[in-house]
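Trainee: Sharing a structure, written as structure tokens. Questions coming.
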Ligand SMILES: [Zn+2]
């Protein structure tokens with residue numbers, strides 16, 4: 001199987017990007033080359049992960065502890081921040 005002449009196919013897109021020519025880029029995206037390229041990308045991408053096989057880091061409990069609600073504006077702030085993200089008041093010590 002021959003490699004596609006990718007560089008040649010991409011040339012018009014690169015040109016469009018270089019010129020910030022959105023229309024040209026859109027035009028290029030409608031070409032058959034892009035459809036082929038999309039298929040290649042899709043084929044080479046890993047399959048979507050199934051539920052239950054998510055990386056452990058995604059499901060592990062937060063390392064930083066519980067979030068805290070701002071006593072002034074009630075915004076729920078991340079545990080690692082010591083000032084409210086909304087009103088910038090310091091976290092209550094109690
Ligand atoms: Zn606040």
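Residue numbers (UniProt numbering): 1 to 94.
Glycine included, C-beta positions come from ideal geometry on N, C-alpha and C.
Mark residue 39 as exposed unless 16 or more other C-beta atoms lie within 10 angstroms of its C-beta, in which case mark it buried.
Mentor: As a first step, residue 39 is located in the chain shown; it is residue number 39 there, counting from the start. Answer is exposed; the Cβ neighbour count stays below 16.
Trainee: Return the Cβ separation of residue 66 and residue 85 in integer angstroms, given the expectation that the two are a contact with Cβ distance under 8 angstroms.
Mentor: Locating residue 66 in the chain shown gives position 66, counting from the first residue. Locating residue 85 in the chain shown gives position 85, counting from the first residue. So it is not a contact: roughly 16 angstroms between Cβ atoms.
Trainee: Please indicate yes or no: does the CB of residue 10 lie closer than 7 angstroms to some heavy atom of ligand 1?
Mentor: Here residue 10 refers to the residue found at position 10 when the chain shown is read from its first residue. Checking every heavy atom of ligand 1 against the Cβ of residue 10, none is found closer than 7 angstroms.
Trainee: Under 6 angstroms Cβ to Cβ from residue 89, same chain only, skipping five residues before and after it: list those, please.
Mentor: Translated into positions along the chain shown, residue 89 becomes position 89. Contacts found: 72.
Trainee: Pop quiz: residue 24 and residue 16 are said to be a contact at Cβ under 8 angstroms. What is the actual Cβ separation, rounded to whole angstroms?
Mentor: As a position in the chain shown, residue 24 is number 24, starting the count at 1. As a position in the chain shown, residue 16 is number 16, starting the count at 1. Rounded, the Cβ-Cβ distance is 4 angstroms, consistent with contact.
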